[in-house]
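Student: Take this structure first; my questions come after.
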Amino acid sequence: MTEKRLPLWDRNKQAQYRVASERLALETAARKDGEHTVASLDAILGDLSVEERSFLEYLLLSGKYTVVALYEDRLFTSLVKKGLLQVPPGVGTILMQRLQTAYSVPRAVWEALNQRCGNLIPDADPDRIQRLEELTKHFDRRVEALV
């Protein structure tokens with residue numbers, strides 16, 4: 057009856073737990089920032105529809121990476137599936153009656169898009185302001201606000 061019980065938790069298990077927790081935290085942060093999307097961004101951009109490409113152009117020209125829009129709009133759900141937009145953590149529908157929410161471009165994706173700006177936006181000419189006005193009119197009914 058005087059058997060010594062083996063401990064369930066020791067320094068080795070604690071070290072393994074800490075390493076696994078830190079790795080998971082880093083992977084979660086990288087996923088939230090969109091680093092997994094940046095790795096395949098060129099392929100994703102090549103598969104965009106004209107509407108999706110125009111919307112990214114709209115965001116880049118406006119300099120805004122967060123929008124308030126309808127939650128179930130196919131454009132936004134498609135961009136979320138591709139990793140180009142996300143619903144920020146903790147953000148649900150803002151107005152349940154109108155089914156709106158906030159969408160934002162992940163940080164790493166936004167930086168990569170700005171670096172590839174020339175591929176998405178035609179030449180940097182003086183018509184950029186006019187093009188932004190055209191896109192604003194085009195997306196006016198779908199986007200409540202740019203933030």
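The number in the working numbering is simply the position in the sequence shown, starting from 1, with 56 added.
Note that CB positions come from ideal geometry on N, CA and C, so glycine has one too.
#1: Can you check whether the CB of N170 is closer than 8 Å to the CB of L101?
#2: Along the chain, where does the alpha helix (DSSP H) containing Q70 start, and where does it finish?
#3: I'd like to know whether the C-beta atoms of T93 and G146 end up nearer to each other than 8 Å.
#4: Using C-beta distances below 7 Å, list every residue in its chain close to R109, excluding the 5 sequence neighbours before and after it, in chain order.
#5: Kindly indicate the opening and closing residues of the alpha helix (DSSP H) around T192.
#6: Have a look at L104 and A71 and give me their C-alpha separation to the nearest angstrom.
#7: To which residues of the same chain is V199 closer than 6 Å at the C-beta, ignoring the five residues directly before and after it?
#8: If I follow the unbroken alpha helix (DSSP H) through V147, where does it start and stop?
#9: For D183 and E189, what's the separation of their Cα atoms in angstroms?
#10: Does DSSP put S118 in a helix, a strand or coil?
Tutor: Working from what's here:
#1: Contact flag unset, no.
#2: Counting along the chain, the alpha helix (DSSP H) containing Q70 begins and ends at 67-89.
#3: Contact: no.
#4: Excluding residues within five positions, the ones whose Cβ falls inside 7 Å are L176.
#5: For T192, the uninterrupted alpha helix (DSSP H) run begins and ends at 184-195, by DSSP.
#6: For L104 and A71, the distance between alpha carbons rounds to 45 Å.
#7: Hits under 6 Å: V123, A125.
#8: Note, V147: premise wrong, no alpha helix (DSSP H); not H, not E.
#9: Rounded to whole angstroms, the separation of the alpha carbons of E189 and D183 is 10 Å.
#10: Helix.
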